[in-house]
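Taking this note's numbering, the leading residue of the sequence shown gets -11, the next gets one more, and so forth.
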Amino acid sequence: MTEFLTTPQGRRIAYNRLPGTGPGIVFLGGFKSDMQGSKALFLQDWAAAQGRAFLRFDYSGHGQSSGDFEEGCIGDWAADARAAIEALTEGPQVLVGSSMGGWIALLLARGLPDRVAGLVGIAAAPDFTARTWAEDLTDAQRAEVTARGRIEIPSDYSDQPYVFTRRLFDDGAQNLVLDRPLSLPFPARFLQGTADTDVPPAVALALLDHATGPDLRLTLVKGADHRFSTPDCLALIAASVADVLARPPA
């Protein structure tokens, strides 16, 4: 059953929560996705079968939560995630972050270290706004963002384009994780498809190279795309979560 949490910032966040043993699992969705996606629902069913606590939610401006997507930014969505974890879970959690959710998970690992037992990144996209600005936009598109405050970029996954705002770019630059040391003192598993055109394998390799920790692993799946939601990919996600849970705490 969907419930709602009002965050300290006054945003109304929709969530679904399963009771169970800890460490619990928290699913962090991607940019413009919601908690009804195949990976979130698959993990909820898996957690239920394990008797494991599980939480999924919609960031503000996403899904059933309050707010306008175009007014949001990485800092807002990271704050939503922190509020959900602090209010709706107990003890350390295993964070499972998909795409932008991988960036959010890394921000939580930095800002809320005592509540993170482990991390699984699925096509994690740390600092993607900075890469989009520097590498994907033309000079004309950057000028459009500066002048109009927004730009539309076609999406491979929807008829509706992605909207990138100047606030999203400006705030993203204040929430980078690859521009300074990134300590992950817990088991972390990064899963990446070689056919992912949204978050290329080079991003996963750079993240693995940059982060420090006692138990970091990257798995490349040949031919998998950004969705990473085939039956084999979903099984690999569950196996990775199980592996993290089986590791002794740091």
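Quick reminder that beta carbons are idealized off the backbone N, C-alpha and C, glycines included.
Task: Other residues of its chain near I1: CB distance less than 8 Å, five sequence neighbours each side excluded - done: Position 13 of the sequence shown, counting from 1, holds the residue named residue 1. The residues F(-8), L(-7), T(-6), T(-5), F45, D46, Y47, S48, S53, S54, D68, A71 and A72, in chain order, have a CB closer than 8 Å to that of I1 in the same chain once the five nearest residues on each side in sequence are set aside.
Task: P149 in three-state terms, based on DSSP - done: Translated into the one-based positions of the sequence shown, residue 149 becomes position 161. Here DSSP, grouped into helix, strand and coil, assigns P149 to coil.
TODO: Please say whether G8 and D39 have beta carbons closer to each other than 8 Å?
DONE: Taking the sequence shown and counting its residues from 1, the one referred to as residue 39 is at position 51. Taking the sequence shown and counting its residues from 1, the one referred to as residue 8 is at position 20. Note that residue 39 is Gly in the sequence shown here, rather than Asp. Between G39 and G8, the CB-CB gap stays under 8 Å.
TODO: Quick one: residues in its chain with C-beta nearer than 7 Å to the C-beta of F30, no 5 flanking neighbours on either side, listed in chain order?
DONE: As a position in the sequence shown, residue 30 is number 42, starting the count at 1. Here the set comprises L222.
- [ ] Identify whether F15 lies in helix, strand or coil by the three-state DSSP scheme.
- [x] As a first step, residue 15 must be located in the sequence shown, where it is residue number 27. Strand at F15.
TODO: Could you pull the start and end residues of the alpha helix (DSSP H) that V229 belongs to?
DONE: Position 241 of the sequence shown holds residue 229. For V229, the enclosing alpha helix (DSSP H) begins and ends at P219 to A234.
Open item on the list: Rounded to whole angstroms, what is the Cα-Cα separation between V108 and E140?
Closed with: The residue labelled residue 108 in the question sits at position 120 within the sequence shown. The residue labelled residue 140 in the question sits at position 152 within the sequence shown. Spanning the two alpha carbons is a distance of roughly 30 Å.
Open item on the list: Just to confirm before moving on: does the CB-CB distance between F174 and L196 stay below 8 Å?
Closed with: The residue you call residue 174 lines up with position 186 of the sequence shown. The residue you call residue 196 lines up with position 208 of the sequence shown. For F174 and L196, no; Cβs fall outside 8 Å.
Open item on the list: Less than 8 Å between the C-beta atoms of V191 and H214, yes or no?
Closed with: What you label residue 191 is simply residue 203 of the sequence shown in a count that begins at 1. What you label residue 214 is simply residue 226 of the sequence shown in a count that begins at 1. Between V191 and H214, the gap from beta carbon to beta carbon reaches 8 Å or more.
TODO: Please report how far the alpha carbon of G12 lies from the alpha carbon of S143, in whole angstroms.
DONE: Against the sequence shown, residue 12 aligns to sequence position 24. Against the sequence shown, residue 143 aligns to sequence position 155. For G12 and S143, the gap between their C-alpha atoms comes out near 33 Å.
TODO: Would you mind reading off the limits of the beta strand (DSSP E) that contains F116?
DONE: Counted from its first residue, the sequence shown places residue 116 at position 128. Premise fails: F116 lies in the alpha helix (DSSP H), F116 to R119, not in any beta strand (DSSP E).
- [ ] Please state whether DSSP places V82 in a helix, a strand or coil.
- [x] Taking the sequence shown and counting its residues from 1, one reaches residue 82 at position 94. Strand, per DSSP.
Task: Neighbourhood of S217 by C-beta distance below 7 Å, restricted to the same chain and skipping five residues each side - done: Position 229 of the sequence shown, counting from 1, holds the residue named residue 217. S26 and K27.
Task: Nearest neighbour of F15, chosen from N163, L206, V82 and H50 [CA to CA] - done: If you number the sequence shown from 1, residue 15 lands on position 27. Cα-wise, what sits closest to F15 is V82.
Task: Selected residue, minimal CA-CA separation from G201, among D220, P169 and E58 - done: Locating residue 201 in the sequence shown gives position 213, counting from the first residue. That would be P169, whose Cα lies nearest to the Cα of G201.
Open item on the list: For P80 and G90, I'd like the C-alpha separation in whole angstroms.
Closed with: Translated into the one-based positions of the sequence shown, residue 80 becomes position 92. Translated into the one-based positions of the sequence shown, residue 90 becomes position 102. Approximately 17 Å between the Cα atoms of the pair.
Task: Assumed close pair V133, F152 - CB separation to whole angstroms, cut-off 8 Å - done: Stepping through the sequence shown from its first residue, residue 133 is reached at position 145. Stepping through the sequence shown from its first residue, residue 152 is reached at position 164. Right, their Cβ atoms sit about 7 Å apart.
- [ ] Assign G106 to buried or exposed, taking buried as 16 or more other Cβ atoms, counted over all protein chains shown, within 10 Å of its Cβ.
- [x] To locate residue 106, count along the sequence shown from 1; it is residue 118. Taking all protein chains shown into account, G106 has 16 or more neighbouring C-beta atoms within 10 Å of its C-beta and is therefore buried.
- [ ] Pick helix, strand or coil for F216, following the three-state DSSP scheme.
- [x] Here residue 216 corresponds to residue number 228 of the sequence shown, with the count starting at 1. Coil.
TODO: Give the DSSP-derived three-state secondary structure of R0 in the structure shown.
DONE: As a first step, residue 0 is located in the sequence shown; it is residue number 12 there, counting from the start. In the structure shown, R0 sits in a strand (DSSP, three-state: E or B).
Open item on the list: Could you check whether A66 and L96 sit closer than 8 Å to each other, using their CB atoms as the reference points?
Closed with: If you number the sequence shown from 1, residue 96 lands on position 108. If you number the sequence shown from 1, residue 66 lands on position 78. Yes; because the gap between Cβ atoms is below 8 Å, this pair is in contact.
Task: Between the CA atoms of V84 and T207 - distance to the nearest angstrom - done: On the sequence shown, residue 207 is found 219 positions in, with the first residue counted as 1. On the sequence shown, residue 84 is found 96 positions in, with the first residue counted as 1. Whole-angstrom Cα-Cα distance: 15 Å.
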